[in-house]
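The numbering of the sequence shown is the UniProt record's numbering, which starts it at 1 and goes up by one.
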Amino acid sequence: MASNKDLCQYFFTLEAPGIYKCRYCPKLRKQAPGSGFSNLIGHLTDKHPQHQEDYKEHERSGCKDLATFGFVTDYACTVYNWMNWVVGRNVLIEEVDNEVTRAMSRWNPVSSKTLKKYMALVEREVEAAIAEEMPESIGVMFDDRSAGSTYYVGIYAVYMVDDLAQ
1 MASNKDLCQY
11 FFTLEAPGIY
21 KCRYCPKLRK
31 QAPGSGFSNL
41 IGHLTDKHPQ
51 HQEDYKEHER
61 SGCKDLATFG
71 FVTDYACTVY
81 NWMNWVVGRN
91 VLIEEVDNEV
101 TRAMSRWNPV
111 SSKTLKKYMA
121 LVEREVEAAI
131 AEEMPESIGV
141 MFDDRSAGST
151 YYVGIYAVYM
161 VDDLAQ
């Protein structure tokens, strides 16, 4: 069974200090910091009795978007969205400084310097997670491609975790 904290992190978003918005309905609920989750859980139980089943379905799906990790600040969402855009679209980091790019985006602007800082921090966290998970024995895989007269070689470590190649 999910903890009250997990349920509240999934079904509510922080709108202002001590004010949370239900993801089912537009209802705002007050919850004082450090006072537990009784007010929020009470709302879920009274107004959305299906919440336990919905949360179980969420857990089964393995969905891990940024909003499901809990009460994420607007700034963290902004940095994440810019990082996701740069990596997903394979554009230069400096593109976030471009005025046309900023004008077309609904996200608050961030500088390329800020983005580089947070990408380096994420890199360290990912490296640590992989190092912790990686077994003693690994396979090595090479991949290459060329663009004009420039050649690229990628070197990958391949290993098994729970009978799945990583």
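C-beta: ideal position from N, C-alpha, C; glycine also.
- Taking a cut-off of 8 Å on C-beta distances, the stretch 121-134 does not touch the stretch 87-107, as fewer than three cross pairs fall below it.
- Counting only residues of its own chain and dropping the five nearest sequence neighbours on each side, His51 has a CB closer than 8 Å to the CB of Leu7, Phe11, Tyr24, Leu44, Thr45.
- Looking at the DSSP output, Lys21 shares a beta bridge with Thr13, Leu28.
- Taking 8 Å as the upper bound for CB-CB distance, Tyr159 and Met119 are not in contact here, some 25 Å apart.
- Around the C-beta of Leu28, fewer than 16 other C-beta atoms lie within 10 Å, and the residue is accordingly described as exposed.
- A straight-line Cα-Cα distance of about 12 Å links Lys47 and Pro26.
- When rounded, the separation of the alpha-carbon atoms in Ser137 and Gln166 is 13 Å.
- Residue environment for Leu115: buried (at least 16 other C-beta atoms within 10 angstroms of its C-beta).
- Rounded to the nearest angstrom, the gap between the Cα atoms of Asp143 and Leu40 is 50 Å.
- Separation of Ile19 and Ala32 (C-alpha to C-alpha, rounded to the nearest whole angstrom) is 8 Å.
- For Thr73, the secondary structure class from DSSP, reduced to helix, strand or coil, is coil.
- In summary, Val96 is buried, with 16 or more beta-carbon neighbours lying within 10 Å of its beta-carbon over all protein chains present.
- Setting aside the 5 residues that flank it on each side, Thr73 has no residue in the same chain whose C-beta is closer than 7 Å to its C-beta.
- In the three-state scheme derived from DSSP, where H, G and I count as helix and E and B as strand, Ala129 is classed as helix.
- A direct Cα-Cα distance of roughly 45 Å separates Glu53 from Asn98.
- Per the C-alpha coordinates, the member of Val122, Glu123, Glu132, Val86 positioned closest to Ser111 is Val86.
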